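Undergrad: Here it is, the structure, as structure tokens.
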Amino acid sequence: MKDKSRQFGVPTMTINRRLFNQFLLLAGASAALPAGAFAEDAKPVAGGTLNFVYYPEPNQIVSINTSAGGPATIGPKIFDGLLAYDYDLNPRPQLATEWSISDDGLEYVFKLRQGVKFSDGHDLTSEDVAFSISRLREAHPRGRITFQNVTDIDTSDPYIVKIKLSKPSAALISGLAATESPVVPKHIYEKLKPADDPSFEQIIGSGPFVLKEWVKGSHILVEKNPTYWDALNPISTGSFSASSPIRARAPRRSKRARSTSDRTLWPSPIWSVSTRCRNSSSTARSSPIAARCTN
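Residue numbers (the working numbering): 142 to 436.
The following block contains the structure:
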């Protein structure tokens, strides 16, 4: 039988599940670093700045009531989620260090990392997780689906979260990263209506960085969170620069820039960009985000 894939002169290629998942991570995270920046023999160096170029301009920082790309990219630098995910979309610990699912799929139990604080000094507890899930279910476009089967959240233990469902949910365990389900401080966000955006002073998270400056249309500046639970984070500051659509799609590069940025790009999970920057002057450009590690 004639190969229909070439009927119109369009070549095809075989793509396996892992490669497809890696592509999804790149598309969803909108962030990448050069392969050389994660060389096995490279060691973290304290200090330095992680530079981003982003587009479009975000209308807010945290993805508590929006699925827009800007907050999903910048928010995880300031907020953590219960879980993170590797290249194959397998869950890994973040705010939750352990988790289990009942045999009938109707109860999820998460053990929280103890000693985690929001950048204003308040402890992060199960009450904050429960509030965040309830707010996401009410106001977030995907959160309404991810948490639609949730009937109860037990917070009797400050470091144990028990989520009970009316029926099993295949989407829940894959939707707990900070890009989609950030954990926000209840003592701040309970004062806001679900559709309200937090003010600059209310953007308080438990992530690797703290928001220091936001000049809309120009840049966003974050600094290392000195109390962040992951002590391996070596980066001191992060600088996010706004870009026009044309610059984001086709950035102009000088001869010198090309010599340091022409590297093979491969998907890098957004949490890697959040907390890992090796001693490298390599520059990676990929629409809509460009990232560079400098020391």
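Virtual Cβ for every residue (Gly too), placed ideally from N, Cα, C. These figures come from a predicted structure and were not determined experimentally.
If I measure Cβ to Cβ from P122 and keep anything under 8 Å in the same chain, skipping five residues before and after, which residues do I get?
TA: Residue 122 lies beyond the residue range present for the chain, which begins at 142 and ends at 436; the question has no answer from this structure.
Undergrad: Going by the DSSP bridge assignment, what does H263 pair with across the sheet?
TA: Along the sequence shown, one-based indexing puts residue 263 at 122. In DSSP, H263 forms no bridge with anything.
Undergrad: What does the alpha-carbon distance come out to for the pair W240 and F251?
TA: On the sequence shown, residue 240 is found 99 positions in, with the first residue counted as 1. On the sequence shown, residue 251 is found 110 positions in, with the first residue counted as 1. Cα to Cα, W240 sits roughly 4 Å from F251.
Undergrad: Give the range of the alpha helix (DSSP H) segment to which K327 is assigned.
TA: Along the sequence shown, read from residue 1 onward, the residue named residue 327 stands at position 186. 327-330 is the extent of the alpha helix (DSSP H) around K327.
Undergrad: What would DSSP say about I314, mapped onto helix, strand or coil?
TA: Here residue 314 is taken as the residue at index 173 of the sequence shown, counted from 1. If DSSP states are grouped into helix, strand and coil, I314 belongs with the helices.
Undergrad: Can you tell me whether DSSP reads D295 as helix, strand or coil?
TA: As a first step, residue 295 must be located in the sequence shown, where it is residue number 154. Three-state DSSP puts D295 in a strand.
Undergrad: May I ask which residues mark the beginning and end of the beta strand (DSSP E) holding G361?
TA: Indexing the sequence shown from 1 puts residue 361 at position 220. The question names Gly, but residue 361 in the sequence shown is Ile. First-last of the beta strand (DSSP E) with I361: 360-365.
Undergrad: Does the region 223-243 come close enough to the region 357-368 to have 3 or more Cβ pairs within less than 8 Å?
TA: These segments do not touch.
Undergrad: Here's a check: name, in chain order, each residue in its chain whose Cβ is nearer than 7 Å to the Cβ of V257, leaving out the five neighbours to either side.
TA: Along the sequence shown, read from residue 1 onward, the residue named residue 257 stands at position 116. L236, L265, S347, W370, listed in sequence order.
Undergrad: Tell me the DSSP bridge mates of E268?
TA: If you number the sequence shown from 1, residue 268 lands on position 127. Beta-bridge pairing links E268 to no other residue.
Undergrad: Can you give the beta carbon distance from P323 to G216, rounded, assuming they're within the 8 Å contact cut?
TA: The residue given as residue 323 occupies position 182 in the sequence shown. The residue given as residue 216 occupies position 75 in the sequence shown. At roughly 6 Å, the Cβ-Cβ gap stays under 8 Å, so P323 and G216 are in contact.
Undergrad: From V194 to L223, what does the alpha carbon distance come to, in whole angstroms?
TA: Here residue 194 refers to the residue found at position 53 when the sequence shown is read from its first residue. Here residue 223 refers to the residue found at position 82 when the sequence shown is read from its first residue. Between V194 and L223, the C-alpha separation is close to 27 Å.
Undergrad: How about F272 and E331: are their beta carbons less than 8 Å apart?
TA: Position 131 of the sequence shown, counted from the start, is the residue given in the question as residue 272. Position 190 of the sequence shown, counted from the start, is the residue given in the question as residue 331. Yes, they are a contact pair.
Undergrad: State the DSSP-derived secondary structure class of I304, mapped to helix, strand or coil.
TA: Indexing the sequence shown from 1 puts residue 304 at position 163. It is a strand residue.
Undergrad: Using only the alpha-carbon positions, how far apart do L317 and I242 sit?
TA: Position 176 of the sequence shown, counted from the start, is the residue given in the question as residue 317. Position 101 of the sequence shown, counted from the start, is the residue given in the question as residue 242. Whole-angstrom Cα-Cα distance: 14 Å.
Undergrad: With H, G and I counted as helix, E and B as strand and the rest as coil, what does DSSP make of S243?
TA: For the purposes of this step, residue 243 is identified with residue 102 of the sequence shown, where counting begins at 1. Here S243 sits in coil by DSSP.
Undergrad: Given that a residue counts as buried once 16 or more other Cβ atoms are within 10 Å of its Cβ, and exposed if not, what is D244?
TA: If you number the sequence shown from 1, residue 244 lands on position 103. When all chains shown are included, D244 counts as exposed.
Undergrad: Does the separation of the CB atoms of V291 and I304 fall below 8 Å?
TA: Stepping through the sequence shown from its first residue, residue 291 is reached at position 150. Stepping through the sequence shown from its first residue, residue 304 is reached at position 163. Yes; because the gap between Cβ atoms is below 8 Å, this pair is in contact.
Undergrad: So I361 packs on I345, CB below 8 Å; how close in whole Å?
TA: For the purposes of this step, residue 361 is taken as the residue at position 220 of the sequence shown. For the purposes of this step, residue 345 is taken as the residue at position 204 of the sequence shown. Contact doesn't hold; Cβ gap of about 15 Å is too wide.
Undergrad: Which two residues bound the contiguous beta strand (DSSP E) that contains T190?
TA: Counted from its first residue, the sequence shown places residue 190 at position 49. It spans 190-195 - the beta strand (DSSP E) in which T190 sits, taken as one unbroken run.
Undergrad: Does the distance from the CB of L253 to the CB of L306 come in under 8 Å?
TA: In the sequence shown, the residue the question calls residue 253 occupies position 112. In the sequence shown, the residue the question calls residue 306 occupies position 165. It is not a contact, given that the beta carbons lie outside the stated cut-off.
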